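Some notes on the structure that comes next.
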Amino acid sequence: MRGKVRASFDGGGTRGKGTTQHWERFEHRGKNRLAYEGNVARGNRSRKPDIWGYDRRVYNQATVFFFTNFSEDWSHESMWRTFHKYGRVLDIYSPMRKSTMGSRFGFVRYLDVRNEWELELQLDQIRVGEYKIWVNRPRFTENESHKRANAGHVELGKAGVQRTYAEAVKGNLEIRSETEKGKQAKGEKEQIWDVIKGDMMGFVDDFHKNGRLVRGSNCSFIVLLPKVTNPQKIEEFRPISLIGVMYKVIAKLLANRINSVLDNIIGECQMAFIKGRQIVDSIVIANETIDAAKRNKIASFVLKVDFEKAYDKVCWKFLDYMISRMGFDSKWRRWINECLKTAETSILLNGSATRQVKINRGLRQGDPLSPYLFLLVAEGLNGIISSAINHGLFEGINIGNRGMIISHLQFADDSILFGKATEGNIWAAKSIMRIFKLASGLKINIQKSQLLGMNVSKEWMSKMSYILSCKEGVFPCKYLGVPIGGNVKSTSMWKPLIENFEKKLSSWKGRLLSFGGRITLLNAVLSSLPVFTMSVHLLPKGLILSLDKIRRNFLWGGREGKRKINWVSWDKVCKNKLMGGLGVKDLRKFNLALLGKWWSRLARGEEGLLYKTINHKYGSIEGRWTKWVQEYSHRSSLWWRNICRIDHLDASNEGWLAGGFKLKIGKGNSANFWMDTWIGDQPLVNRFPRLFLVSTDKEKRISQMGIWREAKWLWTLNWRRPLFEWEEDNYSEMLRLLNHFQPIQDRKDSWIWRHTKEGEYSVKSAYALLSSNNQDSRTQMHARTWSKLIPTKISAFGWQVLQDKIPTKLNLYKRGIITDPSQIIKCAQWWRFLSVHPKNCLDDFEQQKLPVKDPPVRAGWDVVWFSIIWSLWLARNVRIFRNQEHVADKIFELARLRAFSWIKGRTASYSFSFHDWMLEPILCLKDKRGTH
930 MRGKVRASFD GGGTRGKGTT QHWERFEHRG KNRLAYEGNV ARGNRSRKPD
980 IWGYDRRVYN QATVFFFTNF SEDWSHESMW RTFHKYGRVL DIYSPMRKST
1030 MGSRFGFVRY LDVRNEWELE LQLDQIRVGE YKIWVNRPRF TENESHKRAN
1080 AGHVELGKAG VQRTYAEAVK GNLEIRSETE KGKQAKGEKE QIWDVIKGDM
1130 MGFVDDFHKN GRLVRGSNCS FIVLLPKVTN PQKIEEFRPI SLIGVMYKVI
1180 AKLLANRINS VLDNIIGECQ MAFIKGRQIV DSIVIANETI DAAKRNKIAS
1230 FVLKVDFEKA YDKVCWKFLD YMISRMGFDS KWRRWINECL KTAETSILLN
1280 GSATRQVKIN RGLRQGDPLS PYLFLLVAEG LNGIISSAIN HGLFEGINIG
1330 NRGMIISHLQ FADDSILFGK ATEGNIWAAK SIMRIFKLAS GLKINIQKSQ
1380 LLGMNVSKEW MSKMSYILSC KEGVFPCKYL GVPIGGNVKS TSMWKPLIEN
1430 FEKKLSSWKG RLLSFGGRIT LLNAVLSSLP VFTMSVHLLP KGLILSLDKI
1480 RRNFLWGGRE GKRKINWVSW DKVCKNKLMG GLGVKDLRKF NLALLGKWWS
1530 RLARGEEGLL YKTINHKYGS IEGRWTKWVQ EYSHRSSLWW RNICRIDHLD
1580 ASNEGWLAGG FKLKIGKGNS ANFWMDTWIG DQPLVNRFPR LFLVSTDKEK
1630 RISQMGIWRE AKWLWTLNWR RPLFEWEEDN YSEMLRLLNH FQPIQDRKDS
1680 WIWRHTKEGE YSVKSAYALL SSNNQDSRTQ MHARTWSKLI PTKISAFGWQ
1730 VLQDKIPTKL NLYKRGIITD PSQIIKCAQW WRFLSVHPKN CLDDFEQQKL
1780 PVKDPPVRAG WDVVWFSIIW SLWLARNVRI FRNQEHVADK IFELARLRAF
1830 SWIKGRTASY SFSFHDWMLE PILCLKDKRG TH
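Residue numbers (our numbering): 930 to 1861.
What follows is the structure in structure tokens.
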């Protein structure tokens, strides 16, 4: 570990009870030397020297060693004389406080160390009297040999096959748009690939062999994106790098390879960018840790740490050190250094680029490799904290009764520390952050960092926040955008979410959008705003009602203080489009579908910190599918109780989740023989209840209910008494059923989700299952309403028309808006019209079918029908509100014109001309020669 080591969170000296530091200057061999020691016995005076006036380069080159196992009366001068024999000592630090193991400890820093490993061996042989001093380098990585072995076993430096290179290159050229223009552009990109393929492959092979990038290939442009509404300072902008394709191919290849080993070399507390780890895991673990501290009355604290412009301030030397410590070979280090040191950039200001600037530190946002390199840097913090815990300098919070301790969590640059509420822990946390800053270059953002306390006094909080120079926080607090540590049932906890909804609506000014535009925003954005939160918490009913009210007002054009008519019930709006609705998410059902994913993950028994936390806090859940969802304690956290009873929270779909899973038996060691659904469509306890009552093996698993004999499985069922004759019949029936099954010794049991082809749980299928009681026999008609050939605005209007929910005078009269019925009811022309016209537009729409089966022809006719009703509606409104009349020919001419523009603008399946269409649109649709 290199860099300045001074116990400070914000750059100041460390002072406090039990850790007051006294500094001394004294002459040694004619040169000024600096050393300090905790609570020097000779005096109580304290003087802080001006060490920061020294050459900063000297401190950056210092090498630190940790030492312990020495007598308490070993004086500071003796320490100096002892360690100075082996090199040029910069300073020595030894606090008076002891480690939890009861020993004093200290740090010594050397300058100009040529071989740090050899020096460590020499120092480790020091004896002072009867004590053998223990000396070692402070480690950033715990269990280093394990990580080096895992990294070394993967051939990261091996040359890739051409297919691997091609996939990386084509991935950067990929266009995901499914529109006609997108497909056309995609075809053009594929043609480009055929042209540049040879040159690209040569460029990649050259980099692999020589580790050099062609000059100019690693240039980029920086775009400054505002992070706030009115940015005034440079800190209020986010720099995003626009990187060229050639370098991006190299970065993508390296990123793909390094991603394959991250799970082995990055600590389990880091949840970002690693397969199998999710951001919601960090949120749940943090919430469960806080809940454990509160329920067990543990005086503890939570320190939320925010790094200031983390990517931009990474020290390259520290990154190279971490890469080396992780076991990457010299070739990989050369590749990474080449990617970093050849980088040049220009800043785009008002669309014009400045001159090229050489980059000397930091990682570029927009570089595919940057997130993974940052994880290696952040792993340094994990190593420091783990080392501090192992040496008794920092103490985390106990989870459950099995000795598991949670001390910190990381998600990229978002870090959170948990610790016992002691002053020593606070000083240790401060020192850890300071050390990491000096080594890695990452600076703590004091303004955004927070200290939160649990079961502590206000005075203690004020004192500790002063020591850390950060703000005091209160629960509930936001972690990774989700509130934790509060009462989820309380609506007041969710005020920020409601305010965010209202803020978004006011910024969009929904009254300026058409009905179709509001539907699009509602589906694409508003319904997605709380998705992240709903993946963790069960939202209270009061909150869902409040959010639905906001969404409902937005859909129908209502504003604050002014309510509009809700023409269609909200339940119908939330139906699927094929079921006659608008496809707006039902937040309650969607919340349940998102939470249902936890059942799938926990049932699979995924390895990781989350699974360990649940096992230590609530007992092992392996092989207890039916139990852990039923036998939860009321002392469990509200999150866990909600997860366990999620299957019974929707009265209209009781048992929807458990019934959706089926056990695919392998060895049979994780499923209960009687309770789980593993053979047939129901548990054996339901099919043979009498046999279950007399069984002595109610709790046993499938693998315990039989034996292998000569490669054949034999069932061994035990009863507490002899079976009656009619029970023997049940037993024979059960044996006939069981004899069709045999466990598979080399395969694990797995839970299969019945409602997807792959057997994997998906939120989409779960939501469809919960909404399956909203069936409608007219699905084909509803599908025609939302044809891709029809603009969303027109489809939305057509949906209202087919529901008979447009603001006609008759509908306004029914709702009491118009009080004079003479305008409609006494109109003779209206009644004469009804006698020959279909009863409503829905009947008319169903009757309008052409005798052809070609989908393009039928779709074209639907376009014509919608263009006619839209043109009639516009003419009606002009007549009523502007007192202007339109002749019928003019209306239908506009309808033909609109239909032609919609068809030609959205598909190339029709080849008729504008002239033919305006003359006879029906013939154009009926004539098959008019289509490709």
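The beta-carbon is built from N, C-alpha and C at its ideal position, and this holds for glycine as well.
All values derive from a computational prediction rather than experimental measurement.
Only residues of its own chain outside the window of five on either side were considered, and among them 1205 have a CB closer than 7 Å to the CB of residue 1535, listed in chain order. From the listed residues 1461, 1315, 1198, the smallest Cα separation to residue 1340 is found for 1198. Counting along the chain, no beta strand (DSSP E) covers residue 1409, and no H or E run does either. Below 8 Å, too few C-beta pairs join the stretch 1247–1263 and the stretch 1496–1510 to call them touching: fewer than three. By the Cβ neighbour-count rule, residue 1441 is exposed, with fewer than 16 other Cβ atoms within 10 Å of its own. With at least 16 other beta carbons inside 10 angstroms of its own, residue 1362 counts as buried. CA-to-CA, the gap between residue 1641 and residue 1635 works out to about 10 Å. Around the beta carbon of residue 1379, a 10 Å sphere encloses 16 or more other beta carbons of the protein chains shown; the residue is thus reported as buried.
With a threshold of 16 other beta carbon atoms within 10 Å, residue 1510 meets it and is buried. The shortest CA-to-CA distance from residue 1338 to any of 1302, 1232, 1317 is the one to 1232. Distance from residue 1350 to residue 1229 at the Cβ level is roughly 5 Å; contact confirmed, criterion being Cβ atoms closer than 8 Å.
By the Cβ test, the stretch 1252–1269 is not in contact with the stretch 1148–1157, since fewer than three Cβ pairs between them sit closer than 8 Å. Counting the other CB atoms within 10 Å of its CB gives residue 1518 a total of 16 or more, which places it among the buried residues. Cα atoms of residue 1325 and residue 1604: separation of roughly 39 Å, rounded to the nearest angstrom.
Unbroken alpha helix (DSSP H) runs of no fewer than 4 residues, entirely contained in the stretch 1454–1524, are found at 1460–1463, 1470–1484, 1499–1502, following chain order. Our two residues, residue 1323 and residue 1354, have alpha carbons roughly 5 Å apart in a direct line. A residue is called buried once 16 or more other Cβ atoms fall within 10 Å of its Cβ, and residue 1619, having fewer, is exposed. Taking each of 1731, 1837, 1279 in turn and checking the Cα distance to residue 1508, the smallest one comes out for 1731. Residue pairing from DSSP leaves residue 1671 without any beta-bridge partner.
Take residue 1413, set aside five residues on each side of it, and the residues of its chain with a beta-carbon closer than 7 Å to its own are 1212, 1215, 1216, 1219, 1405, 1406, in chain order. Counting only the Cα atoms, residue 1598 lies some 25 Å from residue 1684.
For residue 1178, the uninterrupted alpha helix (DSSP H) segment begins and ends at 1174–1188. The alpha-carbon of residue 1666 is positioned some 20 Å away from that of residue 1628. In the DSSP secondary-structure assignment, residue 1282 is bridged to 1277. Ranked by Cα distance from residue 1271, the options 1194, 1243, 1176, 1304 are led by 1176.
Here DSSP, grouped into helix, strand and coil, assigns residue 1396 to helix.
For residue 1233, the pairing in a beta bridge is given by DSSP as 1345, 1379. Close CB contacts of residue 1663 within its chain, under the 6 Å cut and outside five residues either way in sequence, are with 1617 (chain order). Apart from sequence neighbours up to five positions away, the residues of its chain that approach residue 1452 with a beta-carbon distance below 8 Å are 1511, 1512, 1513, 1514, ordered along the chain. Relative to residue 1837, the option among 1789, 1698, 1476 whose CA is nearest is 1789.
When secondary structure is reduced to three states using DSSP, residue 1660 falls in the helix class. In the three-state reduction of the DSSP assignment, residue 1015 falls in the coil class.
Assignment of residue 1333 by DSSP, reduced to helix, strand and coil, places it in the strand class. Residue 1258 and residue 1304 have their alpha carbons spaced roughly 18 Å apart. Contact between the stretch 1577–1592 and the stretch 1471–1489 is absent, with fewer than three C-beta pairs closer than 8 Å. Here residue 1168 is bridged, per DSSP, to 1153.
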